[in-house]
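Have a look at the structure below before the remarks.
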Amino acid sequence: MTGLKLSVSAIALALSFGAVNAADVKSIAVLTPEQGTDFGWNQQGVDAAKAAGEKTGVEVVVAEGLGYGDVRPTLRELAADGVGLMIAHASGYNTAAPEIAEETKVPVAIVDTPTGLKPGLVADYTLSGHEGAYLAGRLAAKVTRTGTVGVVVSGEPPSWNSQSAGFAEGVKAENPNVKIRYAVIGPAAYADAAGGKRVTESVIAAGADVIFGQGNGSSFGMLQAVETTPATDGGKVWFIDVIGDKSSLDKGNLLTSVVWDMTPVYVAMIEDLKADTFGTKSYAIGLADGSVKLLETKNLPADKWAEVMALKDEMIAGKITVTPEFDAAKVRAMMTDVAAP
Amino acid sequence: MQGLLTDAFLTSLVFGAISAGIPLLLAGLGEQLSEKAGVLNIGIEGMMLAGAYVGFVAAFYSSSLWLGFAGGAAGGAAVALVMALLCVRHGLNQIVVGIALTLGVEGLTALLHHFQFGRTYPRLDAATSLPIPVLSELPILGPALFDRHPIVYGAIAMVAVMAFVYRRTNLGLDLQAAGDQPAALDVAGVDVVTTRTAAVIATGVMAGVGGAFMANIGAGLFIPFMTGGAGFIGIVLAMLARGRPLWVLAGALIFGACLSMTTALQVAGVNIPTDVIQMLPFAAVMAVLVIFGRRASLPAALGLPYVRGAR
Chain Z
1 MTGLKLSVSA IALALSFGAV NAADVKSIAV LTPEQGTDFG WNQQGVDAAK AAGEKTGVEV
61 VVAEGLGYGD VRPTLRELAA DGVGLMIAHA SGYNTAAPEI AEETKVPVAI VDTPTGLKPG
121 LVADYTLSGH EGAYLAGRLA AKVTRTGTVG VVVSGEPPSW NSQSAGFAEG VKAENPNVKI
181 RYAVIGPAAY ADAAGGKRVT ESVIAAGADV IFGQGNGSSF GMLQAVETTP ATDGGKVWFI
241 DVIGDKSSLD KGNLLTSVVW DMTPVYVAMI EDLKADTFGT KSYAIGLADG SVKLLETKNL
301 PADKWAEVMA LKDEMIAGKI TVTPEFDAAK VRAMMTDVAA P
Chain B
1001 MQGLLTDAFL TSLVFGAISA GIPLLLAGLG EQLSEKAGVL NIGIEGMMLA GAYVGFVAAF
1061 YSSSLWLGFA GGAAGGAAVA LVMALLCVRH GLNQIVVGIA LTLGVEGLTA LLHHFQFGRT
1121 YPRLDAATSL PIPVLSELPI LGPALFDRHP IVYGAIAMVA VMAFVYRRTN LGLDLQAAGD
1181 QPAALDVAGV DVVTTRTAAV IATGVMAGVG GAFMANIGAG LFIPFMTGGA GFIGIVLAML
1241 ARGRPLWVLA GALIFGACLS MTTALQVAGV NIPTDVIQML PFAAVMAVLV IFGRRASLPA
1301 ALGLPYVRGA R
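Protein chains in written order, with the numbering used here: chain Z, 1 to 341; chain B, 1001 to 1311.
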C-alpha cells in the first residue's frame, strides 16, 4: 500500500513537473544551416521564429550559419542554456535533433520526417507550398514563349517535391502542350551556386524560358544563369523563386515567388508545448490563411496576374484542389506524364 | 529525346562539364604537388573556399576577373601558410590540422559574407571569353572548349607544366625526394622543410585559383559553403592519379562530363533515382583511375613530418 502511494505521488509529481515545464516556455531556439539572410528557407525560418516569439512572448535564440555537418554540439549547448524548444530548421538535422531531444529531454521540431513524431519530444513540420506552386505553374504556362518550362532543384526533400509536383500540375492544367524539363543539381546541393548556374544553363539550352527554382544558396546561381543566358528564342528567361522574396536583388528576371510564412506554424508549436500537445500532430501552410502566397513583382503582366489571382480565389473556395505529392520518384514521373487536376 | 539534342543543348553540356571540371583540376593538381612532397593536404577544401571568397571580393570591388584570380591565389596561399607552419614546421598531425582549417575557413567566410553581402548578394557580369580562331567555330565543341576565359586554357596548360616539372627538373626530383626519402634529400643539402613549405603554399595558390574560378566564373557570386566538398574530390583525384598530372586532368574531365550527363538524363526525363544518376561521376572516376592508375604508388613518407635525425 505504501508502495502504491509512493507510485501515485511520483506520477502526480511527474505530471505536475511536466505541466510546469510545459507552461514555462520562456525561450526557443532556431538552428539554420546558412545565414538567416538568404532571402529563402533560412531567412524565413529565422524571421518566422522571431515573429512567433513576439506573438507568444517567448524569447528567441538564433543559431544560424551552422553548416550541414554535425549539429549535435550546438543542440546540446542550447539545451544546457535552458531553451524550451529547438527548431532544427534543415532536413540534414533530422537525425541529430531527435537524438539530442532524447538525451536532454528538450523538445525539438524537425522537417521532412512526418513519421518521426514523439509526443512531448519531437514534432515535424514538413511544410508544402504546393498550392502556391500550382499557381506558379499556371502563370509559367501563360507566359512561356518557347512552350518549355524548367524545374531546377538542389535536392529532393519532401517539401520541394510537393512544390515541383504542384508546379507541374499547374503547367499542365493551363496548357497540356507545354513541356517541362526537370533537373536536380545534386543530392543535397543546397549551397552549390556553381552547380545551380550550370544546371540551369543546360535547362535553358533545352528550351526552357521559365525556370522554377528551388535551392537555398544555389538559387542565386540559378538567378545568375537566367540573368546571363538568353532563351533559345533569344529572349529573356523568367525565374520563379520559392519561399522568400528576392525582389530587392532582382535585375528584371524575377517573375514571382511562392512565398512562405512559417509564423503560424511556430506559434502553433509553442502553443502545443504549453498545452502539452506537442509532437502529436502535423502542421500545414496554405493559401487560405496567407501563409503561402504568390509574390507580386514589377515584372508581372497585369492581365496574367489578375487571371492567376482569380485562380487563387477558386483554390481557396475549394473549386480547384491540389494534392501534395512528396515522393521523389512519383514527382519525376509527373514531369513527363502529368494530368491536370 | 531527339528534339532535345540540339546544338545549343549539347554545347551547354560540354560547357558545363568543363566549368565543373576546372576547379577540380586545379585542386587535384595542387593536392598532387603537396602529396609529392609528402604532405597530405586535407585542408585543401578550406583553401578553395578561402580562394572563392577572397577571389570574389577582389573581382567584385576591382571589376577585374584577373585581380579576382590573384585574390583567390592569395586567399588559398594564406590558408596554406598556416598549414605549412603547423604541419611542416611544427610537425602537427596533417589530417587534424587540415580538417580544422577547413572548418575554420567555412565559419570565417560565412561570417564575413554575412556582414558584407548578406543583404545584397551581388553578382558578377558574365565572364568575357577569348575565342581561339578557327577552333571556336567548330560546331558544339567550339563554343564549349575554345571560346572560354583564358584561365580555362591556363588551367589545362598547368597539366603540361606540372608534368614537365616532375619529370624534367631538379625541382621535381627534390619534391619527389621530399615525399619518398626526405632524409636523403636532407643529406643532399636540400632543405626538406623549405621544399615542403613551398609545395604546400603552391598547393594553396592552385586551390585558391580553383575556388576563385568556381565563384567568379562557375557561379558569378560567392555563397557560404559553396565549394561543397570539391576540395575533397580533388584529394581523391590526386590519390587515384598517383603522381600523374594527366590523370588528374582525365579524372576532372570525366567527373565534369558525368555531371553534365546526369543533367542530360534528368532533362530527358529518364525516371531512375536521382541518387543513382548522381553516383555516376564518382563511380566513373574511380573505375577509370583504379583500372589505369594501378601501377603508380603514393610517396613513402606521405603524411609523416620530417625531423632531422629522427628515426
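Just so you know, even glycine gets a beta-carbon here, dropped at the ideal spot from N, CA and C.
Please confirm whether residue i and residue j have their CB atoms less than 7 Å apart.
| i | j | result |
| --- | --- | --- |
| P1305/B | G1091/B | yes |
| G1204/B | G1076/B | yes |
| A165/Z | V258/Z | no |
| V171/Z | A140/Z | yes |
| V97/Z | L121/Z | For the record, residue 97/Z in the displayed sequence is Ala; it is not Val. Cβ atoms of A97/Z and L121/Z: not closer than 7 Å. |
| A1127/B | H1149/B | yes |
| G1071/B | V1054/B | yes |
| P107/Z | F278/Z | yes |
| G1038/B | N1216/B | no |
| A1163/B | P1245/B | yes |
| T280/Z | P157/Z | no |
| G1016/B | S1260/B | yes |
| G1208/B | A1027/B | no |
| A208/Z | G150/Z | yes |
| I204/Z | G195/Z | no |
| E201/Z | T232/Z | no |
How would you write the range of the alpha helix (DSSP H) that residue i sits in, first residue to last?
| i | result |
| --- | --- |
| E99/Z | 96-104 |
| A1058/B | 1044-1062 |
| F1255/B | 1245-1267 |
| M222/Z | 218-228 |
| L1112/B | 1094-1117 |
| F167/Z | 158-174 |
| L78/Z | 72-81 |
| F1213/B | 1192-1213 |
Assuming residue i is part of the beta strand (DSSP E), what are its boundary residues?
| i | result |
| --- | --- |
| M86/Z | 85-88 |
| L31/Z | 27-31 |
| G1076/B | Unbroken run through G1076/B is the alpha helix (DSSP H), 1065-1083; no beta strand (DSSP E). |
| I180/Z | 179-184 |
| G213/Z | 210-214 |
| D241/Z | 238-243 |
| I110/Z | 108-110 |
Leaving aside the five residues before and after residue i along the sequence, list all residues of the same chain whose C-beta is less than 8 Å from its C-beta, in chain order.
| i | result |
| --- | --- |
| V342/Z | Missing from the structure shown is residue 342/Z; chain Z here goes from 1 to 341 and no further. |
| F1117/B | F1222 |
| V61/Z | S27, I28, A29, V30, L78, D81, V83 |
| L127/Z | V111, S159, W260, M262, V265, Y283, A284, I285 |
| A1199/B | L1033, S1034, K1036, A1037, V1039, L1175, A1178 |
| Q1181/B | A1300, A1301 |
| L1112/B | Y1053 |
| A1020/B | G1218, F1255, G1256, L1259, S1260 |
For residue i, which of helix, strand or coil comes out of DSSP?
| i | result |
| --- | --- |
| R145/Z | coil |
| D24/Z | coil |
| P119/Z | coil |
| G65/Z | coil |
| A1283/B | helix |
| E325/Z | coil |
| D1125/B | coil |
| L1240/B | helix |
| I40/Z | According to the sequence displayed, residue 40/Z carries Gly and not Ile. G40/Z: coil per DSSP, three-state reduction. |
| V1014/B | helix |
| A140/Z | helix |
| P114/Z | helix |
| P1131/B | strand |
| D1186/B | helix |
| V1270/B | coil |
| E34/Z | coil |
| V152/Z | strand |
Skipping 5 residues on each side, what residues in its chain have a beta carbon closer than 6 Å to that of residue i?
| i | result |
| --- | --- |
| A90/Z | P33 |
| F220/Z | A193 |
| C1087/B | Q1094, V1097 |
| K197/Z | G221, Q224, A225 |
| L1013/B | S1260, A1264 |
Spatial neighbours of residue i within its chain, please: CB distance less than 7 Å, with the 5 preceding and 5 following residues excluded, ordered by chain position.
| i | result |
| --- | --- |
| G1043/B | V1079, M1083, V1097, G1098, L1101, T1102 |
| N161/Z | E325, F326, D327, A328, V331 |
| N21/Z | With a pLDDT of only 49 at N21/Z, under the threshold of 50, the placement of this residue in the model should not be trusted, and no figure is reported. |
| G67/Z | P33 |
| F1060/B | P1122, L1124 |
| I1140/B | D1007, L1010, T1011, V1014 |
So is the beta-carbon of residue i under 6 Å away from any non-hydrogen atom of the ligand NAP?
| i | result |
| --- | --- |
| M269/Z | The ligand NAP is absent from the structure shown, which contains no ligands of any kind. |
- For the region 247-319 of chain Z, which segments carrying the beta strand (DSSP E) assignment without a break, of at least 3 residues, lie completely within its bounds, in sequence order? 254-260, 292-294, all fully within the region 247-319 of chain Z.
- Message: List, from N- to C-terminal side, the beta strand (DSSP E) runs of 3 residues or more that fit wholly inside the region 1139-1184 of chain B.
- Response: If one requires a minimum length of 3 residues, no beta strand (DSSP E) run lies completely within the region 1139-1184 of chain B.
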